[in-house]
Every structure is written in C-alpha cells, then in structure tokens.
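Each residue of the sequence shown is one higher than the one before, counting from 669 in the working numbering.
Notes for the one structure printed next.
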Amino acid sequence: MALLKDGNGVINLDVPISGSLNDPQFSLGSVIARAIGNLFIKVVTSPFAALGALLGGDAERLGYIEFAPGSAELNEEALRKLQRLARAMNNRPALTLDIAGRVDPDAEGEALRRESLMRRLRALKLEDLARELDNPPRLDEVEIAPEEYERYLRRAYRRADFDKPRNFLGFPKRLPLEETERLLLAHIEISEAAMRRLANRRAEAVLNWLRNEGQVPADRVYVAAPRLDAADNRHPDAATTRVDLAVRR
C-alpha cells in the first residue's frame, strides 16, 4: 500500500478492467475488486511492474540501470531512466530502494584487466609522490598523464613476476610498448576485489545521481551488497553489466 500512496497519502490508479455488460453474472464492483487485487499482488511480487499503473509505460525497466562493459559511467538511456525514477520517488515518499551493482566477469574480463593494470600504474606513481610530497593524494586520486604512461608501464613490467622474453645474454628484452602492455594484461588475474570495486562504483553512480540531481532524500536510497556474477534471471532481457534496484519492504 505504501508504494501506491502519493505525498498526500492518496492512491490514484489507472487500472484497466474488462467484462461484458450483457453477462447476467457481470458485477462492476467485483471486476474492480479483482483488478485492484491483482494490482496489489503485483506490488508484492514485482513492484516496478506495479509502477506501470502509476507511471505508464514500461515501468518494469526501471528496475535496473545498464552500463557499458567495464564502465561505471551513466549513459543517456540511464539518465533518462533515473530522471523518471526520481520523479516517481519524489511523488511517493514511502518508496525506498536498495541499489546493488553487478558485474559479468566473462563479458568484462578485458576491461577489468585494464582497470587492474591502471591501478598498478597509479600505485607506482603514488610511490614517487610519497617521496616528493608531505601529503600525497589517495590512490584513487592519482592520474597517469599520457606522457607518463610508458614510464610507469615499463616499471610495472620490470617488477612483474612472470617469465619474460630474453635476449642472447639472458636479460629481459626491451619490447615495443604494445607488446609490453599485452604481456602485462595477459598475466593479470581478475580478482574479486576488482570486480567488487566496479560493481560498487556502478551502485554509487546511481546512488549519487538520485541523491544529488534527483533530489531523493539520502535515507531512501541505499547501496546493497554487490553481485559478482551473471547468474540471475530477474531481468532476462537486461544487460548483465548493470545495477539492480529493489524496493525495500
């Protein structure tokens, strides 16, 4: 019931009903009661589908926000859905959401490996900054400029613990930059921590948009535990690289 009430506590529904007035068993009251009963069942079993009676259109698609593989950036479609969701939440103060980021290791392997490599390069630069600055930045604040990329990539390669191509003297060869990068990426295992970081970045992107641009009160949107695999049939037509939204009960 709380999901259906607007800010004034009023429930205003557009519920389709059907029946034949020529049927002697026809009762308008029973038809309306059955339609409303079906709606309440839908509120319990599929809250976002129930929002269709309130918002119109394919409200079930509001139950997830899709991302490009390896990305936590909100695209135009995601922003349109969030704008619609924010309006629904601001019109229904009892609606509270859990936001769970998810990743698909198979679809995002290359992107996750690149993210892990860049994290290594930022860590190497942070070592330099720690020697130069009294108050060095946090790791996530460190950026690698284009002109710095080769220097830190080659340093990461020298430190990497795997068999490297060697010259006739037995020393590691100096490889072209592209080959150096390829070998480093090939020897990076996708860690659970990397998957968790990406999933949480996605959830936080949605949370921050709803709180800031959407003006949804902070106590009505929460980040839930991330989901680190693609095994979920809740939204079979949605991308596996997404954020899932769930109504708190």
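Even glycine gets a Cβ: it sits at the ideal position worked out from N, Cα and C.
Residues near residue i by beta carbon distance below 6 Å, same chain, minus five either side
i, result
"Met757", "Leu763, Val884"
"Arg888", "Thr764"
Outcome for residue i when other beta-carbon atoms lying within 10 angstroms are tallied against a minimum of 16
i, result
"Ala862", "buried"
"Asp808", "exposed"
"Pro894", "buried"
"Ala867", "buried"
"Asp912", "buried"
"Gly838", "exposed"
"Glu815", "exposed"
"Gln693", "Residue placement at Gln693 is poorly supported in this model, since its pLDDT is 48, which falls under 50; the coordinates are not used for a value here."
"Glu783", "buried"
"Glu849", "buried"
"Leu845", "exposed"
"Arg865", "buried"
"Arg910", "buried"
Alpha carbon of residue i to alpha carbon of residue j, nearest angstrom
i, j, result
"Asp802", "Trp877", "34 Å"
"Lys841", "Arg788", "21 Å"
"Ala907", "Asp772", "9 Å"
"Asp768", "His903", "For clarity, residue 768 is Ala in the given sequence; the question names Asp instead. One C-alpha to the other measures close to 14 Å."
"Phe836", "Ala871", "51 Å"
"Leu851", "Ala828", "10 Å"
"Ile858", "Gly777", "7 Å"
"Pro833", "Val915", "54 Å"
"Arg752", "Arg770", "22 Å"
"Tyr890", "Asp897", "21 Å"
"Leu780", "Val810", "18 Å"
"Glu881", "Asp831", "50 Å"
"Leu875", "Leu843", "44 Å"
Residue i: CB within 6 Å of a non-hydrogen atom of the ligand GTP
i, result
"Glu811", "Among the components of this structure there are no ligands whatsoever, and the ligand GTP is therefore not found."
Residue i, DSSP secondary structure in three states
i, result
"Asp796", "helix"
"Gly769", "strand"
"Val884", "coil"
"Ala756", "helix"
"Thr713", "At Thr713, the pLDDT of 49 sits below 50, so the modelled position is not reliable; the number obtained from the coordinates is stated separately. Thr713 falls in the helix class under three-state DSSP."
"Pro814", "helix"
"Leu750", "helix"
"Ala914", "strand"
"Arg842", "coil"
"Glu849", "helix"
"Arg806", "coil"
"Glu741", "coil"
"Glu734", "strand"
"Arg787", "helix"
"Leu689", "Residue confidence for Leu689 is low, a pLDDT of 46 falling below 50, so the modelled location carries little weight and cannot support an answer."
"Arg834", "strand"
Sheet register partners of residue i (DSSP bridge)
i, result
"Asp829", "For Asp829, which the question treats as bridged, DSSP gives no partner whatsoever."
"Leu780", "Beta-bridge pairing links Leu780 to no other residue."
"Arg895", "Arg770"
"Val889", "Leu765"
Same chain, Cβ closer than 8 Å to residue i, five either side skipped, listed in chain order
i, result
"Glu741", "Phe735, Ala873"
"Ile812", "Met786, Leu789, Arg790, Lys793, Tyr820"
Close Cβ partners of residue i (< 7 Å) along its chain, the five nearest in sequence each way excluded
i, result
"Leu792", "Tyr820, Arg823, Ala824"
"Asp804", "It is Pro, not Asp, that sits at residue 804 in the sequence shown. Here the set comprises Leu794, Leu797, Ala798."
"Ala746", "Ile733, Glu734"
"Ala886", "Arg879"
CB contact below 7 Å: residue i versus chain D
i, result
"Asp772", "You won't find chain D in this structure, because it holds only one protein chain."
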